[in-house]
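**Student:**
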Amino acid sequence: MASRSYTNFLDLASGNLLDIPQTPRALPRVMTVPGIISDLDGYGGNDGDSDGTSSVCRERKIIVANMLPLHAQRDAETAKWCFNLDKDSLLLQLKDGFSPETEVIYVGSLKVEVDASEQEEVAQKLLDNFNCVPTFLPHDLQKKFYYGFCKQQLWPLFHYMLPMCPDHGYRFDRLSWQAYVSANKIFADKVMEVINPEDDYIWVHDYHLMVLPTFLRKRYNRIKLGFFLHSPFPSSEIYRTLPVRDEILKGFLNCDLIGFHTFDYARHFLSCCSRMLGLDYESKRGHIGLDYFGRTVYIKILPVGIHLGRLESVLNLPSASNKVKEIREQFKGKKLILGVDDMDIFKGISLKLLAFEQLLQQHEEFQGKLVLVQIVNPARSSGKDVQEAKREAYLTSRRINEVYGLPDYEPVILIDRHVARYEKTAYYAVAECCIVNAVRDGMNLVPYKYVVCRQGSPYMDEAIGIKTDSPRTSMLVVSEFIGCSPSLSGAIRVNPWDVDSVAEALNLAITMHDSEKQLRHEKHYKYVSSHDVAYWARSFVQDLERACKDHYSKRCWGIGLGLGFRVVSLSPSFRKLSIDHIVSAYKRTTRRAVFLDYDGTVVPQTSINKAPGPEVTAVLNSLCNDPKNTVFIVSGRGRSSLSEWLAPCESLGIAAEHGYFIRWSKTSDWEPSPLADLDWK
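Residue 323 in numbering that gives the first Met the number 0 sits at position 324 of the sequence shown, with consecutive numbering throughout.
Structure (structure tokens):
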């Protein structure tokens, strides 16, 4: 890594900087206060010395994600597109963490395909009514970008699934990767249409847009840019198998702040940066910082929360209360265990069913009295893996029902359809225990929702038939491989692959004394209610502002081509080395000391033959023959090797073994360095 940095600074010193063309910029279409945006030097690839900021305007945050927080459908009468906000979207809910004066702009794709002839009209409508900027990816590009690279390459890899053979996963496809890069470039272009680079904060979300920061940083050196990864980040041994691993890591590192759900995910990312890019990191005032060419890239560990108000409003719906009464009547005299998962190979639905089967087999007293309700959300992707997971879940549940079922008792209820929010809420409120058995998941907010629903509301309490001030209970069995697990210290953590231990955990959860259940519930509810989505967003943005506060105190140069672009950040006093100045000073002085490193200076780092060539030897002898010069080679190598390699240079001084042994010329003896004076101790 040292040699790479050295080469970059040689480029810098010689003035061979990347010439980034400065694109003419009009005022952002959504700017609320008229004014002129000053042109910072750094934005065009220059040194960017300006300390100025733009005229005062309303604080803005630009949220960039794969999908906009919108629902879309055509009007039956006019055939025009109609849109409304998706109130369950995290992107919409995080606004609660911003000040009321903050203007939020969303950049992303729509969930529907809009004809090219309608795109301009739709774009203006979304901008005017919802502050949304759609990207409108071409159909083929969208397919290769999302279903190709995101879902067939990144999603399995980040969940520790490698394509060991064609029947188990998809091999790396260069065309899909090119589509991913092209899609990210389109997103970047849309951000550039609305950004005020001196004032706006950009917050990019998830693995779909991991090279977007490179495109944005290339255009604006001092852009204020944060990224949050909502999926797991794999260990370096898994991640290093990705053919484009460096390009994606460098995309991350063009941000100012990178957020992860758990310490494990952040640790894996830091390990990848260390092993593959040679970067060091340290803790600075309680924050983890990566030094990347003079810039500090901060790492934040912050698990996301839920929107309490949204969930509580559903709890108070009459439809939710009525559904609770219906469920209680349907399962009268029985206890419910609840699972809510996407139909996904990583959610561990079949493992959960096997553990429940084991529980019924080992504890006959539960037969006829315990029901597992498994709600299966629609799959977010398609393919043979999803179909196999679905088939296995159906076969396992059918077998359990055939073996342990009775005329009035069905031990497994598999709900594989769209389940309304109020209906899910009702199941949460009634269930004695909730189990999340995923073999790998980024965060998973199902346990949080379960805890809040078990806390109840006046309407829900009336439906269940309990007093408002009565103690509440809830029990959680969660996989140790999901992001929310470290936050729920009262949950029973399990290894989902160990079916016996999961069965025993379910038994413990069902039979635990109510007083213990109450204590665990209170602990969880206190955490979930205080660490909601507003807290998450507010904390992330505060750290992003802190990470960007020194942007105008340093000079910046953009160097590197394509996805290898990065910004070198240096102190304001830094000046490029002038060869003319060195030559002038060299000629004027009467005594000169010249110290040269060996590896990487006299000989290339990668050279097999470590002896200097004839040309280098001639240059060294020329320097040594000048009576005004004292020339030394300083190296960590041993005396014998250096003596042999530098034998043609009779007047050359050598400091071997990092200066422990010194020889003033070829005819001199080796002298050990005098011991340091330690009397000051």
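Virtual Cβ for every residue (Gly too), placed ideally from N, Cα, C.
Here's the rule I'm using: 16 or more other beta-carbon atoms within 10 Å means buried, otherwise exposed. How should residue 221 be labelled?
**Tutor:** Classification for residue 221: buried.
**Student:** Distance check for residue 192 and residue 489, CA to CA, integer angstroms please.
**Tutor:** 48 angstroms
**Student:** So for residue 483, helix, strand or coil by DSSP?
**Tutor:** coil
**Student:** Quick one, which of 391, 384, 378 and 427 has its alpha-carbon nearest residue 417's?
**Tutor:** 378
**Student:** So, for residue 672: in the same chain, excluding its five sequence neighbours on each side, which residues have a beta-carbon less than 8 angstroms away from its beta-carbon?
**Tutor:** 658, 659, 660 and 661
**Student:** Apart from the five residues on each side of it in sequence, which residues of its chain come closer than 8 angstroms, Cβ to Cβ, to residue 571?
**Tutor:** 48, 552, 553 and 554
**Student:** By the three-class DSSP mapping on this structure, what secondary structure does residue 475 have?
**Tutor:** Residue 475 falls in the strand class under three-state DSSP.
**Student:** Can you give me the start and stop residues for the alpha helix (DSSP H) that residue 237 sits inside?
**Tutor:** Counted as a single uninterrupted DSSP element, the alpha helix (DSSP H) harbouring residue 237 occupies residues 235–238.
**Student:** Given a cut-off of 7 angstroms, decide if residue 481 and residue 443 are closer than it, judged by their beta-carbon atoms.
**Tutor:** yes
**Student:** Under a three-way DSSP split, which group does residue 83 fall into?
**Tutor:** strand
**Student:** Any idea what DSSP makes of residue 71, helix, strand or coil?
**Tutor:** strand
**Student:** Which residues in the same chain have their Cβ closer than 6 angstroms to the Cβ of residue 135, if we skip the five residues on either side of it in sequence?
**Tutor:** 118
**Student:** Distance check for residue 227 and residue 263, CA to CA, integer angstroms please.
**Tutor:** 15 angstroms
**Student:** Buried or exposed, going by whether 16 or more other CB atoms sit within 10 Å of the CB of residue 253?
**Tutor:** buried
**Student:** Could you pull out every residue in the same chain whose Cβ sits closer than 7 angstroms to the Cβ of residue 233, ignoring the five residues on either side in sequence?
**Tutor:** 156, 157, 159 and 267
**Student:** Under 8 angstroms: do the stretch 62–76 and the stretch 97–116 share three or more Cβ pairs, one atom per stretch?
**Tutor:** In the pairwise beta carbon analysis, the stretch 62–76 is classified as touching the stretch 97–116: at least three pairs are separated by under 8 angstroms.
**Student:** Less than 7 angstroms between C-beta atoms, sequence neighbours within five positions excluded: which residues of the same chain meet that for residue 100?
**Tutor:** 57 and 58
**Student:** Could you tell me the boundaries of the alpha helix (DSSP H) in which residue 639 lies?
**Tutor:** For residue 639, the enclosing alpha helix (DSSP H) starts and ends at 638–644.
**Student:** Quick test of your reading: residue 650 and residue 641, contact by CB under 8 angstroms. State the CB separation rounded to the nearest angstrom.
**Tutor:** Contact flag wrong, Cβ pair sits at about 15 angstroms.
**Student:** According to the Cβ coordinates, are residue 447 and residue 305 closer than 7 angstroms?
**Tutor:** yes
**Student:** Measuring alpha carbon to alpha carbon, tell me which of 218, 646, 422 and 307 ends up nearest residue 318.
**Tutor:** Comparing alpha-carbon positions, the option among 218, 646, 422 and 307 lying closest to residue 318 turns out to be 422.
**Student:** Using the Cα positions of residue 7 and residue 574, report the straight-line distance between them to the nearest angstrom.
**Tutor:** At residue 7 the pLDDT is 38, less than 50, meaning the model places this residue with poor confidence; the figure from the coordinates comes in the next sentence. About 15 angstroms.
**Student:** When you compare the stretch 328–339 with the stretch 289–299, are there three or more beta-carbon pairs, one atom per stretch, that lie closer than 8 angstroms?
**Tutor:** no
**Student:** Which whole runs of the beta strand (DSSP E) in the stretch 368–409 are 3 residues long or more, in chain order?
**Tutor:** 369–376
**Student:** Just mark residue 459 as buried or exposed, buried being the case when its beta carbon has 16 or more other beta carbons within 10 Å.
**Tutor:** By the beta-carbon neighbour count (other beta carbons within 10 angstroms, threshold 16), residue 459 is buried.
**Student:** Applying the criterion that 16 or more other CB atoms from any shown protein chain within 10 Å of the CB defines a buried residue, is residue 170 buried or exposed?
**Tutor:** With fewer than 16 other CB atoms across the displayed protein chains lying within 10 angstroms of its CB, residue 170 is exposed.
**Student:** For residue 589, count the other beta carbons within 10 Å of its own beta carbon; 16 or more makes it buried, fewer makes it exposed. Which is it?
**Tutor:** exposed
**Student:** Across which residues does DSSP place residue 539 in a beta bridge pair?
**Tutor:** In DSSP, residue 539 forms no bridge with anything.
**Student:** Between the stretch 373–389 and the stretch 515–534, do at least 3 Cβ pairs fall closer than 8 angstroms?
**Tutor:** no
**Student:** Between residue 352 and residue 411, which are expected to be in contact by the criterion C-beta below 8 angstroms, what is the C-beta distance as a whole number of angstroms?
**Tutor:** 7 angstroms
**Student:** From the DSSP secondary-structure annotation, give me the bridge partner or partners of residue 554.
**Tutor:** 569
**Student:** Under 7 angstroms between the Cβ atoms of residue 314 and residue 531?
**Tutor:** no
**Student:** Could you pull the start and end residues of the beta strand (DSSP E) that residue 663 belongs to?
**Tutor:** Unbroken run through residue 663: none, as it is neither H nor E.
**Student:** When we look at the beta-carbon of residue 340 and count the other beta-carbons within 10 Å, is it buried (16 or more) or exposed?
**Tutor:** buried
**Student:** Could you pull out every residue in the same chain whose Cβ sits closer than 8 angstroms to the Cβ of residue 28, ignoring the five residues on either side in sequence?
**Tutor:** Confidence is the limiting factor: at residue 28 the pLDDT is only 42, short of 50, which leaves the residue's position unreliable, though a coordinate-based value still follows. For residue 28, where only same-chain residues beyond five positions count, the Cβ hits under 8 angstroms are 126, 192 and 193.
**Student:** Can you tell me whether residue 598 is helix, strand or coil according to DSSP?
**Tutor:** Of the three classes helix, strand and coil, the one that applies to residue 598 here is strand, per DSSP.
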